[in-house]
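Student: Submitted below is the structure of interest, expressed as structure tokens.
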Amino acid sequence: MAAYMSIGDFSRATHLTVRTLRHYHRIGLLVPVDVDMHTGYRRYTIEQVAAAQVVRRLHDLDMPLDEIRAVLATADPQARNTRIVAHLNRLEEQLGRTQHAVNQLRDLLTDSAPADSSVELRSVPAVTAAAITEIVAAEDGPVWMQGALGELYATLAAEQLPPTGPAGGIYSDEVFTDHRGEPTIFVPCTGQVRSLGRVHPTVVPAAELAVMSHIGSPTGVDRTYGALAVSVTQHTLGVPGPIREYHIVDQRDITDSDRWRTELAWPVFLTRSIAPAPMSRATRLVGSARTGPAHRPELSR
């Protein structure tokens, strides 16, 4: 004979409130074995205690109720474990993002500056380049850029046009203001590339720029952008125009993201003459490494 428990006893046994048990009943997640048609009293069996404890623990781990229902409805233990492990992996990723955000907030509270806060005023000449231009949403940006760079370097290698400098990007205002806009990713090169697939020839126009280096992975680049914007506002005359980035050292060169270096370039109006900046030693080293025989273009970074 089955042993039944009232909803109150079941609540005490499982540490789920009566209100929660009624809600789980309504949505079909944890259904009592019997409901009195006259009084509405719910009764549970002792066999349901284990299922209720599983539900409570999965809910404490922020698993959506629909996924908990799917776990309980899956008879195969391996399939159940696969669902649970997938959720745990998502939690670990979220925990990593949260920890990184906490560390960044602590840095802001201590008013620590970015790793390299020096600003250089620079006049850059026009250069011919291979480029890809598309409308891209912010959440797709990193993957899109990796694919675009891979396609650019592969196209230049196929057409035997060596790069003459580091890859760069030109970003419309909408990329920042709407998180959906038109970026142009380019690689300077000798000669003029033939249009192939998404790749097209372009001339990156001359510009006067305030440049600041961001050291490390793209995560946290907003702080460097903020420092650059403050410097431009306080010490130079900013002008309308697209933001640029130059990838001096990146994933194509070294895997250690702490050593990546991206130059952020803000358009300005220079009030004194500045000779075109010579290519930095880092840029020369990257350029020679990327054009040498040991560097093979990949389809993704």
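Sequential numbering of the sequence shown, starting at 1, is according to my numbering.
C-beta atoms are modelled at their ideal positions from N, C-alpha and C, and glycine is treated no differently.
Note that the structure is a prediction, hence the values are computed from the model and not measured.
Given glutamine 53, which residues of its chain have a CB within under 7 Å of its CB, disregarding the five upstream and five downstream residues?
Tutor: If we look at glutamine 53 and ignore the five residues flanking it on each side, its Cβ neighbours are Thr14.
Student: Just to confirm the assignment, what range does the beta strand (DSSP E) spanning histidine 23 have?
Tutor: No beta strand (DSSP E) contains histidine 23, which is instead part of the alpha helix (DSSP H) from 18 to 26.
Student: In the structure shown, what three-state DSSP assignment does leucine 299 receive?
Tutor: In this prediction, leucine 299 has a pLDDT of 30, which is less than 50 and means its spatial position is unreliable; nothing more can be read from the coordinates.
Student: Report back the beta-carbon spacing between leucine 209 and alanine 131 to the nearest angstrom; my notes put them in contact at under 8 Å.
Tutor: Not a contact, Cβ separation roughly 18 Å.
Student: Quick check: the Cα distance between valine 203 and glycine 168, rounded to an integer number of angstroms?
Tutor: Valine 203 and glycine 168: Cα-Cα distance of roughly 12 Å.
Student: Please determine, among Thr233, Ser213 and Ala154, the residue with the shortest C-alpha to C-alpha distance to threonine 224.
Tutor: The shortest Cα separation from threonine 224 among Thr233, Ser213 and Ala154 belongs to Ser213.
Student: Which whole-angstrom value describes the C-beta separation of glutamate 182 and threonine 133, a residue pair presumed to lie in contact below a C-beta threshold of 8 Å?
Tutor: The pair is a contact, with the Cβ atoms about 6 Å apart (cut-off 8 Å).
Student: Whose C-beta lies closer than 6 Å to the C-beta of threonine 20 among residues of the same chain, with five residues either side of it excluded?
Tutor: Correct list: empty, nothing qualifies.
Student: Classify glutamine 99: buried if its beta carbon has 16 or more other beta carbons within 10 angstroms, exposed otherwise.
Tutor: So glutamine 99 counts as exposed.
Student: Just verifying my parser: in three-state terms, what is the DSSP assignment at glutamate 134?
Tutor: In this structure, glutamate 134 counts as coil in the three-state DSSP scheme.
Student: In angstroms with no decimal places, state the Cα-to-Cα distance between histidine 179 and threonine 74.
Tutor: Taking the straight line joining both Cα atoms gives about 40 Å.
Student: Of all the options Val18, Glu67 and Arg90, which has the alpha carbon lying nearest to the alpha carbon of arginine 43?
Tutor: Of Val18, Glu67 and Arg90, the residue nearest in Cα terms is Val18.
Student: Distance, Cα to Cα, histidine 59 vs leucine 95?
Tutor: So the two alpha carbons sit approximately 17 Å from each other.
Student: What does DSSP give as the partner residue(s) for serine 213 in the beta ladder?
Tutor: Glu263.
Student: Quick one: does the C-beta of arginine 57 sit closer than 7 Å to a heavy atom of the ligand NAD?
Tutor: Among the components of this structure there are no ligands whatsoever, and the ligand NAD is therefore not found.
Student: Taking the alpha carbon of glutamate 227 as the reference point, which residue from Thr128, Val199, Ser118 and Pro142 has its own alpha carbon closest?
Tutor: Contrary to the premise, residue 227 reads as alanine rather than glutamate in this sequence. Alanine 227 has its Cα closest to that of Ser118, out of Thr128, Val199, Ser118 and Pro142.
Student: Quick one: using the 10 Å Cβ neighbour count with 16 as the cut-off for buried, is glycine 165 buried or exposed?
Tutor: When all chains shown are included, glycine 165 counts as buried.
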